[in-house]
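Have a look at the structure below, then the notes.
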Amino acid sequence: MTKDKIPTDQLITAIIGGIEEVKGKEITILDLREIENTVCDYFIVCEGSSNTQVNAIVNSVQKQVSKSLKDKPWHVEGTDNAEWVLMDYVNVVVHVFQKHIREFYDIEELWGDAKVTQIETSY
46 MTKDKIPTDQ LITAIIGGIE EVKGKEITIL DLREIENTVC DYFIVCEGSS
96 NTQVNAIVNS VQKQVSKSLK DKPWHVEGTD NAEWVLMDYV NVVVHVFQKH
146 IREFYDIEEL WGDAKVTQIE TSY
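Numbering of the sequence shown is given in the working numbering, commencing with residue 46 and proceeding in unit increments.
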């Protein structure tokens, strides 16, 4: 039995909606499709101001994707300390950071060849 493939744009829209639902900050999409040997097509990076907000963002994304697309992440890690949570939806990987951890690892700089899209929020 094979799983139906969910269109990537719908998945990204649902993920962004989940982040915005709980006021995740500094939302960035990194398009990795033009870079050789990447593990996925997109990274979505955002931040929360505390471990409580990071976990709220993760829960909101999972709820939004489940509700709208009937999908769940293949793998989630980092929820125990909630400084950097990775949510793997196979072709889209979501990184939810606390601000100081995001600045330390600077994953946008590590993937500097990626096409970057900043998501404007109204909060």
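From the three backbone atoms N, C-alpha and C, an ideal C-beta is built for every residue, glycine too.
Nothing here was measured: the structure is a model prediction, and the numbers come from that model.
> What are the partner residues of E165, as DSSP defines its beta bridges?
Replying inline: Position 120 of the sequence shown, counted from the first residue, corresponds to residue 165. Its beta-bridge partners do not exist; DSSP assigns none.
> Are the Cβ atoms of V64 and C91 separated by less than 8 Å?
Replying inline: Mapped onto the sequence shown, residue 64 falls at position 19. Mapped onto the sequence shown, residue 91 falls at position 46. The residue asked about is misnamed: residue 64 is Ile in this sequence, not Val. In contact: I64 and C91 (Cβ atoms closer than 8 Å).
>> Rounded to the nearest angstrom, what separates V137 and L56 at their Cα positions?
In response: Here the question's residue 137 lines up with position 92 in the sequence shown. Here the question's residue 56 lines up with position 11 in the sequence shown. Inter-residue distance for V137 and L56 is about 8 Å (C-alpha atoms, whole angstroms).
> How many angstroms separate the CA atom of V121 from the CA atom of M132?
Replying inline: If you number the sequence shown from 1, residue 121 lands on position 76. If you number the sequence shown from 1, residue 132 lands on position 87. Computed Cα separation, rounded: 5 Å.
> V135 and V106: beta carbons closer than 8 Å?
Replying inline: Position 90 of the sequence shown, counting from 1, holds the residue named residue 135. Position 61 of the sequence shown, counting from 1, holds the residue named residue 106. It is not a contact, given that the beta carbons lie outside the stated cut-off.
>> I believe T166 touches I72 by the beta-carbon criterion, under 8 Å. Please report the beta-carbon distance rounded to the nearest angstrom.
In response: On the sequence shown, position 121 is the one that residue 166 refers to. On the sequence shown, position 27 is the one that residue 72 refers to. Confirmed, Cβ separation roughly 7 Å.
> From which residue to which residue does the beta strand (DSSP E) around E71 run?
Replying inline: Here residue 71 refers to the residue found at position 26 of the sequence shown. First-last of the beta strand (DSSP E) with E71: K70 to D76.
>> Output needed for Q109: all residues of its chain with C-beta closer than 8 Å, excluding positions within five of it in sequence on either side, in chain order.
In response: In the sequence shown, the residue the question calls residue 109 occupies position 64. Within the same chain, Q109 has close Cβ partners A59, I60, G62, G63 and E66.
> So the beta strand (DSSP E) D133 belongs to, where does it begin and stop?
Replying inline: Residue numbering aside, residue 133 sits at position 88 when the sequence shown is read from its first letter. Start and end: W129 to D133.
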